[in-house]
Amino acid sequence: MPSFHKKIYISCDGKILPCEKVSHKYALGEVTDKCVNINPELIAEKYNQIFEILNHQCNRCHGKMFCGKCFFFIDQIDSNHPKCNAYMDLKDFYYTFGKLLGILEHTPSIYNNILKIKLS
Numbered sequence: 065m066p067s068f069h070k071k072i073y074i075s076c077d078g079k080i081l082p083c084e085k086v087s088h089k090y091a092l093g094e095v096t097d098k099c100v101n102i103n104p105e106l107i108a109e110k111y112n113q114i115f116e117i118l119n120h121q122c123n124r125c126h127g128k129m130f131c132g133k134c135f136f137f138i139d140q141i142d143s144n145h146p147k148c149n150a151y152m153d154l155k156d157f158y159y160t161f162g163k164l165l166g167i168l169e170h171t172p173s174i175y176n177n178i179l180k181i182k183l184s
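When the sequence shown is numbered by this note's numbering, its final residue is 184 and no position is left out of the sequence of numbers.
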């Protein structure tokens, strides 16, 4: 699920969006010539509804620790039964993890570069 980064996007027609890739139907507010219209309570309510619907699915996902899936791009996010195409059951997780380990085993330079990365 998306984390809230330190950026927003304002479209040419004044819509305030969480990012430039998100549909205008998910606008957080708008900027006009006279003011900025934004309702934090309504935004929190919308996001909490989405989190509540996805929470059960995310909690069962074995890939949740490294998930970068934006919930605005989950199939049927506006329904009561959205399906995340990044969801991993245990079998999917083992398969994906195995592929990644295989890449590291066959390309030691990638592994060495990872070791050099300083975490902040």
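C-beta: ideal position from N, C-alpha, C; glycine also.
Can you list, in chain order, the residues of its chain with a C-beta nearer than 7 Å to that of leucine 39? Leave out the 5 residues immediately preceding and following it.
Residue 39 lies beyond the stretch modelled for the chain, which goes from 65 to 184, so this question has no answer here.
Given that a residue counts as buried once 16 or more other Cβ atoms are within 10 Å of its Cβ, and exposed if not, what is isoleucine 138?
buried
Look up glycine 93 in the DSSP assignment and say whether it is helix, strand or coil.
strand
With which residues is lysine 79 paired in a DSSP beta bridge?
Glu94
For a cutoff of 8 Å on Cβ pairs, would you count leucine 164 as touching chain C?
As a matter of chain content, chain C is missing from the structure shown, which is built from one protein chain.
Residue from Thr96, Lys98, Ile107, Asn101 with nearest C-alpha to proline 82
Ile107
Inter-residue Cα distance where the pair is tyrosine 111 and tyrosine 158
31 Å
Three-state secondary structure assigned by DSSP to aspartate 139:
strand
Given tyrosine 151, which residues of its chain have a CB within under 7 Å of its CB, disregarding the five upstream and five downstream residues?
Gln121, Cys125
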